[in-house]
């Protein structure tokens with residue numbers, strides 16, 4: 018691997034396991050809309066991509082219906098669902114190891130910005146990040162590549178060869194490639210290995226320790 022100066026991390030499914038809160042928030046939204054509940058396995062496919070896309074894709078909603086579902090999702094997620102999750106084992110140690118080696122780290126997530134910031138503050142992780150790049154509440158910034166670009170702009174990064182994205186879904190890999198950088202696909206989250214390989218992940222890691230080993234092997 019080429020020398021890496023900045024490591025971007027996905028949030029849901031990479032830093033935290035948000036399944037319980039996501040499922041409960043979807044259930045709240047669908048119940049309020051008198052829409053049939055979808056299987057838990059399908060709910061877990063919401064982890065990673067933009068909510069607008071997921072409600073349309075997995076619930077058969079129109080764009081307007083999906084926007085209402087997002088409003089109802091956030092109605093539960095903000096006060097309750099956001100905190101129905103946990104930090105994956107080894108993540109904090111990964112951040113400490115990368116920072117000790119002089120690397121900059123940041124978040125690039127499709128989660129809405131206020132929720133991403135509050136969640137990372139809640140778990141005492143904000144101190145590790147040079148910036149938190151997230152989706153906008155109005156949906157104008159939701160594509161992963163756009164979120165990555167937003168983060169790099171905040172940090173004044175122009176050399177993308179020294180940046181790598183770490184995430185558990187194809188959206189992280191594709192977004193990184195669209196933004197002109199490499200990606201590490203991780204298998205402890207919600208994207209199966211085949212999905213990451215098909216998306217063209219440059220590297221695969223099964224544990225946070227393996228992520229550090231890859232980045233620090235330059």
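Residue numbers (the working numbering): 18 to 235. By construction, the Cβ of each residue, glycine as well, lies at the ideal position given by its N, Cα and C atoms. Note that the structure is predicted; figures quoted are calculated from it, not measured.
| Check | Outcome |
| --- | --- |
| Over the uninterrupted beta strand (DSSP E) stretch that includes residue 201, give me the two end residues. | 199 to 203 |
| In whole angstroms, what separates the C-alpha of residue 147 from that of residue 40? | 30 Å |
| Identify the continuous beta strand (DSSP E) that holds residue 175 and give its terminal residues. | No beta strand (DSSP E) contains residue 175, which DSSP labels as neither H nor E. |
| Go through its chain and collect everything with a Cβ distance to residue 154's Cβ below 6 Å, but skip five positions before and after it. | 129 |
| Span of the alpha helix (DSSP H) holding residue 192? | 187 to 195 |
| Whether or not the segment 163 to 170 and the segment 133 to 146 are in contact is what I'm after, with contact meaning three or more pairs of Cβ atoms, one per stretch, closer than 8 Å; do they touch? | no |
| Compare the beta carbon distance of residue 179 and residue 202 with 8 Å and say whether it is the shorter of the two. | no |
| Enumerate, from N- to C-terminal direction, the unbroken beta strand (DSSP E) stretches of 3 or more residues contained entirely within the segment 100 to 133. | 121 to 129 |
| Taking the alpha-carbon positions, what's the residue 81 to residue 101 distance? | 28 Å |
| Which full runs of the beta strand (DSSP E) of 3+ residues lie inside the segment 131 to 172, going along the chain? | 148 to 152 |
| Between the C-alpha atoms of residue 158 and residue 60, what's the straight-line distance to the nearest angstrom? | 22 Å |
| Considering residue 211, what are the terminal residues of the beta strand (DSSP E) in which it resides? | No beta strand (DSSP E) contains residue 211, which is instead part of the alpha helix (DSSP H) from 210 to 216. |
| Specify whether the segment 72 to 87 and the segment 184 to 200 touch according to this definition: at least 3 beta carbon pairs, one from each stretch, less than 8 Å apart. | no |
| Would you kindly report the start and end of the unbroken alpha helix (DSSP H) that includes residue 38? | 36 to 49 |
| Rounded to a whole number of angstroms, what is the C-alpha to C-alpha distance between residue 228 and residue 64? | 21 Å |
| Can you tell me the Cα-Cα spacing of residue 230 and residue 51, whole angstroms? | 48 Å |
| Thinking just about the alpha-carbon of each residue, which of 24, 120 and 137 is nearest to the one in residue 103? | 137 |
| Provide the residue span of the alpha helix (DSSP H) that contains residue 90, from first to last. | 80 to 94 |
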